[in-house]
Each structure stands twice: as structure tokens, then as C-alpha cells.
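In the working numbering, the protein residues as written are 56 to 148.
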């Protein structure tokens with residue numbers, strides 16, 4: 056059985072990964088320093104004249120109106136929303 060979610064977002068084995076920008080997805084526990092790391096990475100990339108879009112998890116949860124998401128199914132749904140948003144931005148370079 057094929058993993059339709061993987062194919063839908065992009066599957067390197069199927070050759071359907073969009074070209075364009077690069078997505079750096081930083082994950083970790085609360086208070087682990089994700090925002091600090093993302094800010095440093097953003098600054099370094101911008102110094103190299105790269106186009107950078109920085110999405111913060113707290114802001115995205117508010118935008119998607121999912122601030123009280125705790126169960127695994129809802130968190131997975133939110134992760135796929137993030138992935139689709141990142142894909143939309145990345146294909147634009």
C-alpha cells in the first residue's frame with residue numbers, strides 16, 4: 056500500500072519533489088532553543104543574500120486556530136498543514 060500523504064507532499068523516490076527553495080524544519084521539546092536556533096540560522100542565511108521566510112510554531116498555531124492542539128491525530132494534521140505551507144513557499148524559490 057502506498058503512503059498517500061508522503062506522495063501528496065512530495066516523494067523523492069517518485070521524482071515529484073518540487074524544485075525551488077530549501078526548507079529547514081527545526082523540531083524539539085518546549086524550551087529546547089528552537090526559536091533561538093531558527094533566529095541564528097535566519098540571520099546567517101540572510102547574510103548570504105538568501106531569501107528567508109521564518110515561520111514560528113506559536114504564530115502558525117494561532118493563524119490556523121489550533122492553539123489547544125494536544126492529541127496525536129490533531130498534531131499530525133497540523134504538521135501536514137505546516138508541510139503544505141512550506142511546500143507552497145519553497146516552490147517559489
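Idealized CB from N, CA, C, for every residue including glycine.
Express the C-alpha separation of residue 101 and residue 131 in angstroms, rounding to a whole number. 31 Å
Give, in chain order, every unbroken run of the alpha helix (DSSP H) that is at least 4 residues long and sits entirely within the stretch 82-124. 89-102 and 112-118
Since residue 137 is in the alpha helix (DSSP H), which residue starts that stretch and which ends it? 127-145
C-alpha distance - residue 82 paired with residue 104, whole-angstrom precision: 25 Å
Report the rounded CA-to-CA distance for residue 88 versus residue 94, giving the unit in angstroms. 10 Å
Excluding the 5 residues preceding and the 5 following residue 136 in the sequence, name in chain order all residues of the same chain whose CB lies nearer than 7 Å to its CB. 119
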